[in-house]
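S.K.: If you scroll down you'll find the structure; I have some questions about it.
Chains as they are written, first to last, in the numbering used here: chain A, 285 to 601; chain B, 325 to 889.
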């Protein structure tokens with residue numbers, strides 16, 4: 285910082301007033317208005333509608349005509365066997381998603397970073413990114429075409445080769461389904477997840493690698509002792525953000541891979557909210573469940589941020 | 325223009341455009357009037373008095389509206405090639421009816437498989453159409469309960485649409501127009517309402533000929549046929565199979581004890597909510613379990629769509645296919661193309677058959693009315709009036725005939741005195757679902773007034789087995805007439821009060837039923853009874869008991885229809 289200051293010539297104005305910045309860059313500020321308005325309208329303007337969690341909201345009666353019911357919606361939620369079943373499944377599967385899905389992009393980014401043949405690296409990256417652009421409806425169709433017990437491609441091939449006698453119920457028995465469900469998510473998200481880590485890796489100074497090489501560090505050691513610590517703050521930030529999703533669940537993913545035999549596991553909060561909130565038109569109950577999800581998510585983000593800071597990391601906030 | 329100025333102008337325009345686009349989605353084009361308060365008090369089962377029709381009533385008394393009135397009419401969208409909201413026939417309505425009375429007729433597409441959600445979304449966005457239409461009483465009851473509907477003035481209907489009103493009276497359906505003592509519904513006509521001959525079962529007659537068997541009439545015979553088909557290597561899963569979905573999926577009418585206990589019929593005898601926990605349903609699911617365990621049902625049925633069954637039938641991988649009859653049926657087209665030597669026949673109802681276990685071939689007759697028509701709580705007085713005019717106008721024989729058949733020499737030809745439709749696919753006259761989802765507001769199906777002509781008009785034609793189809797359909801109709809006289813065919817109970825628990829729990833129970841029914845079908849035979857009891861209890865606890873109790877209360881208070889004596 286001192287070196288920078290030394291370069292500034294005396295008498296040159298280095299600060300800009302708010303008014304002159306506006307005059308100079310008004311087009312940019314005008315452009316900024318649009319996303320700001322989007323955030324305000326879709327993230328904050330709907331907040332007054334949240335009061336329906338304390339009401340028995342009826343569409344045709346509106347907010348003014350619907351009855352206030354206090355905490356009744358939350359009492360209904362926490363005494364509902366269906367809600368508790370959905371809550372349990374959501375937490376377990378989100379933790380497993382985190383456990384399996386979070387490290388994979390890091391490992392993949394480290395491996396991609398070590399590839400030296402540029403064309404191969406770019407092709408590999410593109411192939412890995414592709415699943416991110418597939419909708420869950422498409423992935424679901426592919427999954428069933430691949431993994432049906434007797435008519436799925438994988439089982440048919442394995443049976444033809446004599447590896448198995450009976451088809452493996454990848455998607456039709458709940459424990460098999462759980463594994464398939466988790467792995468498909470890893471496959472779909474890991475490629476895209478590497479982008480931030482690869483960007484972080486490029487910001488690591490080349491001098492550190494040179495110094496490590498001079499000290500005789502192998503590629504593996506450079507990866508562990510230079511690259512990994514270099515992206516530690518990115519890892520922590522993304523971990524905190526992912527912890528906020530522990531209570532969430534993805535209706536598209538669950539619907540695409542669902543069937544009647546695996547409801548024990550596939551019945552998660554998104555399904556509960558869709559079923560009770562939208563299909564049964566209990567909007568207050570659905571909103572209350574969603575509010576609870578968000579509240580717990582926020583709490584988890586705040587707590588993990590504090591913990592990260594206590595451990596000497598920058599944290600998120 | 326300087327580069328800098330150009331950038332400024334472009335950025336300002338872009339922001340403006342984005343802002344306009346964004347705000348456009350937030351507006352509400354029309355101010356809705358306040359919804360009418362629904363009646364909350366229960367009333368005895370409707371005793372609706374007939375209204376006197378004045379002499380100057382009907383079309384003769386109509387004059388065009390001074391200001392254009394927008395009439396929004398829902399129409400089922402079944403995903404066909406024709407745009408249901410704008411096609412030759414919607415334009416025809418506008419030109420011949422709308423323009424004459426200064427009414428702008430707009431059609432609102434309702435996805436057939438998602439009716440309740442579609443209307444809920446329209447209600448949420450404050451854009452309910454003027455008219456709401458649904459076949460099922462419970463759905464209309466739910467809308468009434470939610471405040472979607474306004475009271476229907478039967479006197480007004482009688483004066484504006486006397487032909488339509490008289491049809492309701494003639495069909496004996498006046499008492500079905502009310503709920504909780506408030507009149508909500510105008511009811512369309514349903515010809516042959518207690519006979520389901522038009523929903524036919526096509527089966528592989530060539531297979532039965534090869535095996536020397538006849539079409540089964542009992543479950544034991546069905547098992548025998550399936551076994552023979554499997555043993556002969558004709559197909560692996562003769563019973564086919566697709567996932568269990570939605571209301572009406574398991575109709576246990578044949579598994580009930582007749583004459584039915586009226587309380588049981590009123591509380592668990594409908595098809596809107598599957599009657600898991602009843603003995604009748606247990607017998608039904610147990611037989612499905614047997615089909616599964618004996619290898620006749622596709623073991624992956626719960627991952628398969630109904631279209632997979634159709635594909636199986638076309639490919640010769642299952643024994644039967646069920647469909648509503650029409651002169652042309654796409655699955656039959658494909659079947660004969662794939663199986664040029666294949667021979668199909670339509671299953672004929674032999675009259676009442678009761679097997680050793682007391683299971684009969686009873687079926688669910690429809691309500692005595694077709695479409696239930698109601699008006700949105702947000703519709704204005706003029707819109708309601710325009711809606712009634714639309715119903716009356718479409719009901720006029722010349723208008724209805726043109727809307728159903730079109731124009732001689734262009735859309736149909738008279739053959740033996742009967743109007744036979746041409747293939748309109750791809751032409752400007754192409755009809756979505758034969759225009760049925762429009763004219764259902766008046767009558768449920770085309771009819772020429774006698775069953776022989778109606779069968780001739782609707783039977784699948786131009787297929788190798790079409791001559792037999794006509795005979796079989798007629799025999800099937802007659803068999804069902806005999807059934808209807810046997811006392812084993814009873815319409816579902818209708819309620820004169822809203823069953824709130826039904827609106828509250830129906831969706832949840834339907835989802836649960838899908839899960840339980842699939843698990844009960846795939847479990848081993850030894851596990852079945854215990855599992856059935858377990859799921860029954862869970863199902864009752866999840867809301868079915870509350871529905872039974874509320875229906876029972878309505879029955880005890882006399883707010884239900886009754887079984888015929």
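Cβ coordinates follow ideal geometry from the N, Cα and C atoms, glycine included.
Distance, Cα to Cα, residue 579 of chain A vs residue 489 of chain B?
M.R.: Their backbone Cα atoms lie some 56 Å apart in a straight line.
S.K.: Taking the C-alpha atoms as reference points, what is the distance between residue 539 of chain B and residue 764 of chain B?
M.R.: Near 34 Å, if we compare the C-alpha coordinates of residue 764 of chain B and residue 539 of chain B.
S.K.: Who are residue 423 of chain B's beta bridge partners in DSSP?
M.R.: Bridge partners of residue 423 of chain B: none, in fact.
S.K.: Give me the Cβ distance between residue 484 of chain B and residue 716 of chain B, rounded to the nearest whole Å; I'm assuming they're in contact under 8 Å.
M.R.: Correct: roughly 7 Å between the Cβ atoms.
S.K.: Go through its chain and collect everything with a Cβ distance to residue 404 of chain B's Cβ below 8 Å, but skip five positions before and after it.
M.R.: 756 and 757.
S.K.: Could you round the C-beta distance between residue 518 of chain B and residue 744 of chain B to whole angstroms and report it? I think they count as a contact, below 8 Å.
M.R.: That belief does not hold up - the Cβ atoms of residue 518 of chain B and residue 744 of chain B are roughly 28 Å apart, past 8 Å.
S.K.: Does the stretch 563-579 of chain B touch the stretch 602-616 of chain B, meaning 3 or more C-beta pairs lie closer than 8 Å?
M.R.: Segments in contact, yes.
S.K.: Just by C-beta distance, which residues in the stretch 536-560 of chain A are closer than 8 Å to chain B?
M.R.: So the close ones are 543, 544, 545, 547, 559 and 560.
S.K.: Please state the DSSP three-state secondary structure of residue 646 of chain B.
M.R.: Strand at residue 646 of chain B.
S.K.: Are the CB atoms of residue 524 of chain B and residue 635 of chain B within a distance shorter than 8 Å?
M.R.: No, they are not a contact pair.
S.K.: Output needed in chain order: residues of the stretch 405-434 of chain A with a Cβ under 7 Å from some Cβ in chain B.
M.R.: Taking 7 Å as the Cβ-Cβ cut-off against chain B, the residues of the stretch 405-434 of chain A that qualify are 428, 432, 433 and 434.
S.K.: Hey, would you say residue 349 of chain A sits closer than 8 Å to residue 469 of chain A, going by beta carbons?
M.R.: No, Cβ-Cβ distance for residue 349 of chain A and residue 469 of chain A is not below 8 Å.
S.K.: Which chain B residues sit within Cβ distance under 7 Å of residue 344 of chain A?
M.R.: Those are 359, 447, 470, 471, 472 and 701, listed as they occur along chain B.
S.K.: Look up residue 434 of chain B in the DSSP assignment and give the residues it is bridged to.
M.R.: DSSP, once it has assigned bridges, lists B:400 as partnering residue 434 of chain B.
S.K.: May I ask you to list, following chain order, the residues of the stretch 621-637 of chain B that have a beta carbon less than 8 Å from some beta carbon of chain A?
M.R.: Cβ contacts with chain A: 623, 624, 626 and 627.
S.K.: Quick one: what's got a C-beta closer than 8 Å to residue 824 of chain B's C-beta in the same chain, skipping five residues either side?
M.R.: Result list for residue 824 of chain B: 469 and 874, in chain order.
S.K.: What is the DSSP secondary structure of residue 736 of chain B, counted as helix, strand or coil?
M.R.: Residue 736 of chain B falls in the strand class under three-state DSSP.
S.K.: Relative to chain A, which residues along the stretch 797-826 of chain B have a C-beta separation below 9 Å, given in chain order?
M.R.: Within the stretch 797-826 of chain B, no residue qualifies.
S.K.: Using the Cα positions of residue 356 of chain B and residue 708 of chain B, report the straight-line distance between them to the nearest angstrom.
M.R.: For residue 356 of chain B, the pLDDT reaches just 36, beneath the cut-off of 50, and the residue's location in the model is therefore unreliable, although a value from the coordinates is still provided. Going by the C-alpha atoms only, they are around 14 Å apart.
S.K.: Determine the chain A residues that contact residue 554 of chain B at a beta-carbon separation under 9 Å, and present them in chain order.
M.R.: None at all; the shortest Cβ gap to chain A is about 16 Å.
S.K.: Unbroken alpha helix (DSSP H) runs of length 4 or more, entirely within the stretch 459-498 of chain B: which are they?
M.R.: Listed in chain order, the complete alpha helix (DSSP H) runs (minimum 4 residues) inside the stretch 459-498 of chain B are 461-470, 478-484 and 486-494.
S.K.: Do the CB positions of residue 643 of chain B and residue 746 of chain B come within less than 8 Å of each other?
M.R.: For residue 643 of chain B and residue 746 of chain B, no; Cβs fall outside 8 Å.
S.K.: By the 9 Å beta-carbon criterion, what residues does the stretch 563-591 of chain A contribute toward chain B?
M.R.: Those residues of the stretch 563-591 of chain A that come within reach of chain B (Cβ to Cβ, closer than 9 Å) are 563, 564, 565, 566 and 567.
S.K.: Can you find a CB in chain A that lies within less than 8 Å of the CB of residue 613 of chain B?
M.R.: Cβ-Cβ to chain A under 8 Å: no for residue 613 of chain B.
S.K.: Closer than 8 Å, CB to CB, is residue 456 of chain A near chain B or not?
M.R.: Interface residue, yes.
S.K.: How about residue 507 of chain A and residue 412 of chain A: are their beta carbons less than 8 Å apart?
M.R.: In this structure, residue 412 of chain A does not lie closer than 8 Å to residue 507 of chain A by Cβ.
S.K.: Is it true that the CB of residue 768 of chain B sits closer than 8 Å to the CB of residue 514 of chain B?
M.R.: Closer than 8 Å, so yes.
S.K.: Counting contacts by CB-CB distance shorter than 8 Å, is residue 563 of chain B in contact with chain A?
M.R.: For residue 563 of chain B, the answer is no, since every Cβ of chain A falls outside 8 Å of its Cβ.
S.K.: Can you tell me the Cα-Cα spacing of residue 759 of chain B and residue 465 of chain B, whole angstroms?
M.R.: Residue 759 of chain B and residue 465 of chain B: Cα-Cα distance of roughly 27 Å.
S.K.: Can a CB atom of chain A be found closer than 8 Å to the CB of residue 870 of chain B?
M.R.: For residue 870 of chain B, the answer is no, since every Cβ of chain A falls outside 8 Å of its Cβ.
S.K.: Per the contact definition of three or more C-beta pairs closer than 8 Å, is the stretch 862-872 of chain B in contact with the stretch 825-843 of chain B?
M.R.: Yes, the stretch 825-843 of chain B is in contact with the stretch 862-872 of chain B.
S.K.: Just how far apart, CA to CA, sit residue 432 of chain B and residue 587 of chain A?
M.R.: For residue 432 of chain B and residue 587 of chain A, the distance between alpha carbons rounds to 49 Å.
S.K.: If you draw a straight line from the C-alpha of residue 353 of chain A to the C-alpha of residue 562 of chain A, how long is it?
M.R.: Roughly 19 Å separates the two Cα atoms.
S.K.: Please list the terminal residues of the continuous beta strand (DSSP E) segment that includes residue 743 of chain B.
M.R.: Run containing residue 743 of chain B: 742-745, per the beta strand (DSSP E) assignment.
S.K.: Using the C-alpha atoms, what's the distance from residue 420 of chain A back to residue 867 of chain B?
M.R.: Distance between the alpha carbons of residue 867 of chain B and residue 420 of chain A is about 32 Å.
S.K.: Of all the residues that make up the stretch 836-856 of chain B, which are near chain A by a beta-carbon distance shorter than 8 Å?
M.R.: Here the close residues are 838, 839, 841, 842, 843 and 846.
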